[in-house]
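In my numbering, the protein residues as written are 1 to 494. Even for Gly, the Cβ is constructed at its ideal location relative to N, Cα and C.
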């Protein structure tokens, strides 16, 4: 584990009585199975741990110092809340000369994982790739998807109604990038794919996505606005099948990089208003439920601020994490990079902020995750510049908050009364639609206290049995939805 020193701390004295200073819980970096490691995504597991996914890249340097990759495979690392390694998984599917470049990671309802990214063969052809593995790392299936060229994924979501939604971009025959969204089922079969276009614009990238409790999707990125007159950020709301509900163009910002839906319907966006390599700042925009701007605030770290991520850590608080780059005096070279972490309230007031700079290395962040216990972690890639070592997978535990207890807003429109026996439970239990209630085939979804879905299954009978084995103690929220009705309930796991 590396030693870190604190570089910057911003605390407002009047707020010290109300908010504890953010604290770095731990930081660590790991060498992987190949020469270079590149951290790409991180998810929270039901047991309170994190699973990080990265690219393991093998290759060689020529006499001029240029690196040529010869093989790239997938490296997974389970990390406990203290930052210690629990286990690692190395997925090596193909022969030398092929590159499997993982970009995003998501959990499945049976404690396995979906990994998605790029596949490049030794002939130079490139496709989108998705792999499903079980909890032990054994491959269940593998699928490729070919749109045009230079495709890649930027976000994956486990859908409320089953399957997975992915967003990204590809290079089209017209000579430009196009943002897209697609959905696959549990077997990796493509259900639908949509290019992201609207009446007055089109997406050139899809950088962030979030699914609301009712299944609607929020998607943001950068695109052509006002019938091609300018470029900037956008936010789209679609239904669960990717059909457009509304679009918002933000000509004053360059990118929408992150999305966090708030209780009551408001939306927080991580954005950049200026893509100048000297003045770029972390910025958060809050909108109403229709995407109309309420406020836009800046939170500079003292460097060039890049790659903002957002996570709701309390009903009235948002954490933001990103990279801050320090350029040389002439502005031509990056001398250092470090992680920056802040917390704001729903009015945009900065409650606290800190920067974490390793003594002898530089970090680039790729993703953040909030554990079931309320602990926030960020991961990416670390390079020890002083030692001249190769890149390693990097993760930092930033702060532990109180676990979120707000019930998923979708439950507000349901009929309470699902019968759960036994309840409380420490093992299997039965869930039943109330007597006299209408019954037709539906879907049962279960959410933990953070609002994260941990199980989703088709319910073909009025009474189903589930197992709570491996679930941490706590309150779990149930949503049983049919074509005509929706029922709710709670399980208390002892």
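To the nearest angstrom, how far is it from the Cα of residue 105 to the Cα of residue 225?
31 Å
Contact under 7 Å by Cβ, residue 339 with residue 327:
With contacts defined by Cβ atoms closer than 7 Å, residue 339 and residue 327 do not form a contacting pair.
Spatial neighbours of residue 195 in its chain, beta-carbon cut-off 6 Å, leaving aside the 5 residues before and after:
So the qualifying residues of the chain are 178 and 180.
DSSP three-state assignment for residue 265, whether helix, strand or coil
If DSSP states are grouped into helix, strand and coil, residue 265 belongs with coil.
Helix, strand or coil: how does DSSP classify residue 227 here?
helix
For residue 391, is the classification buried or exposed, using 16 other Cβ atoms within 10 angstroms of its Cβ as the cut-off for buried?
buried
Going by DSSP in three states, residue 412 sits in which element: helix, strand or coil?
With a pLDDT of 47 at residue 412, under the threshold of 50, the modelled position of this residue cannot be trusted, and the question is left open.
Own chain residues within Cβ distance below 6 Å of residue 83, not counting five before or after
26, 28 and 397
Separation of residue 295 from residue 476, as counted between CA atoms:
34 Å
Terminal residues of the beta strand (DSSP E) in which residue 293 lies
293-299
Are the beta-carbon atoms belonging to residue 376 and residue 314 less than 7 Å from one another?
no
Locate the beta strand (DSSP E) running through residue 64, then write down its first and last residues.
Run containing residue 64: none; DSSP gives neither H nor E here.
Report yes or no: do the segment 40-52 and the segment 470-490 share at least 3 C-beta pairs separated by less than 8 Å?
yes
Does residue 85 come out as helix, strand or coil in the three-state DSSP assignment?
strand
Quick one: what's got a C-beta closer than 8 Å to residue 494's C-beta in the same chain, skipping five residues either side?
424, 425, 426 and 473
Residue 28 - DSSP class collapsed to helix/strand/coil:
strand
Which listed residue (321, 220 and 172) has its alpha carbon closest to that of residue 379:
321
Are any of the Cβ atoms in chain E nearer than 7 Å to that of residue 224?
This model lacks chain E altogether; it includes just one protein chain.
Residue 487 to residue 35 span [Cα, whole Å]:
So the two alpha carbons sit approximately 52 Å from each other.
Return the bridge partner residues of residue 51 from the DSSP annotation.
Bridge pairing for residue 51: 43 and 78 [DSSP].
Coil, strand or helix - residue 183 by DSSP:
strand
Less than 7 Å between the beta carbons of residue 37 and residue 53, yes or no?
no
Beta carbon of residue 85 nearer than 7 Å to that of residue 119
no
Would residue 345 and residue 317 qualify as a contact pair, given that the criterion is a beta-carbon distance under 7 Å?
yes
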